[in-house]
Each structure stands twice: as C-alpha cells, then as structure tokens.
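*Asks:* For the numbering used here, add 24 to where a residue sits in the sequence shown, where the first one is 1.
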Amino acid sequence: MTKGAKRALWIVLGCLLLTTVLFAPVFGAGMCVDAQDSANSYCREWQTSLIGLETTPWMWLALSAAAVVVALLVVRPFRANDSTPPESPLPGVDLT
C-alpha cells in the first residue's frame with residue numbers, strides 16, 4: 025500500500041469515526057404527555073447519538089457517505105506524471 029493510500033485510508037476512517045460519534049443513533053428516548061382530554065395527550069420517541077444529538081439511522085448513513093466522499097475528494101492522490109496539485113474542492117483549502 026502506498027503512502028498516499030494509507031493517508032487516504034486513515035482520513036476516511038477518521039471521518040467515519042467522527043460521524044459515528046456525532047450522528048450514530050445509540051440511545052433511545054421518549055416521553056408521554058397526558059392531558060385530561062385524551063385527544064390532547066401524545067407520546068414522542070427519538071434516538072440520540074453519544075453526545076446527545078437527536079438523529080436517525082438514515083441521517084447517520086447519509087452523513088457518513090457524504091463525509092467519505094468529501095474526504096476522498098480532499099485526499100485524492102496526485103497523478104505521478106502531473107507535477108501540479110489538484111484544485112481543492114473547498115474554497116481556501118490548500119492541498120499541497
């Protein structure tokens with residue numbers, strides 16, 4: 025495995041770890057509010073991440089995929105025969 029591939033792998037794994045901590049639904053929570061009129065009573069359930077953000081499995085998967093795509097765009101290896109670095113997909117970010 026080349027140095028660039030190892031770098032890309034570690035950055036992608038770091039992005040996945042970050043999105044898992046921030047957005048993976050690991051805890052379930054809920055509450056019920058009772059009223060004298062049963063039409064006004066309701067219950068609500070939600071899932072939260074390790075740091076308490078309200079999340080869903082679909083949001084976690086979508087954000088993980090987006091983080092991997094951005095990481096791969098940022099760390100894509102330079103072409104061996106091209107001496108100019110690629111342009112950054114993010115404004116103000118220098119890839120050299």
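Even for Gly, the Cβ is constructed at its ideal location relative to N, Cα and C.
1. In this structure, does DSSP put alanine 95 in helix, strand or coil?
2. Can you round the beta-carbon distance between valine 36 and leucine 77 to whole angstroms, since I take them to be within the 8 Å contact cut?
3. For the beta strand (DSSP E) containing valine 57, list its first residue and its last residue.
4. Among the residues of its own chain, which have a CB less than 8 Å from the CB of leucine 40, if the five just before and after it don't count?
5. Can you tell me whether DSSP reads arginine 100 as helix, strand or coil?
6. By how many angstroms is the C-alpha of valine 98 removed from the C-alpha of threonine 26?
7. Cβ atoms of threonine 80 and serine 73: under 8 Å apart, would you say?
*Replies:* The short version:
1. helix
2. With a Cβ gap of about 22 Å, valine 36 and leucine 77 do not count as contacting.
3. Per DSSP, valine 57 belongs to the beta strand (DSSP E) from 51-57.
4. Ser88, Ala91, Val92
5. Coil at arginine 100, not helix or strand.
6. 17 Å
7. no
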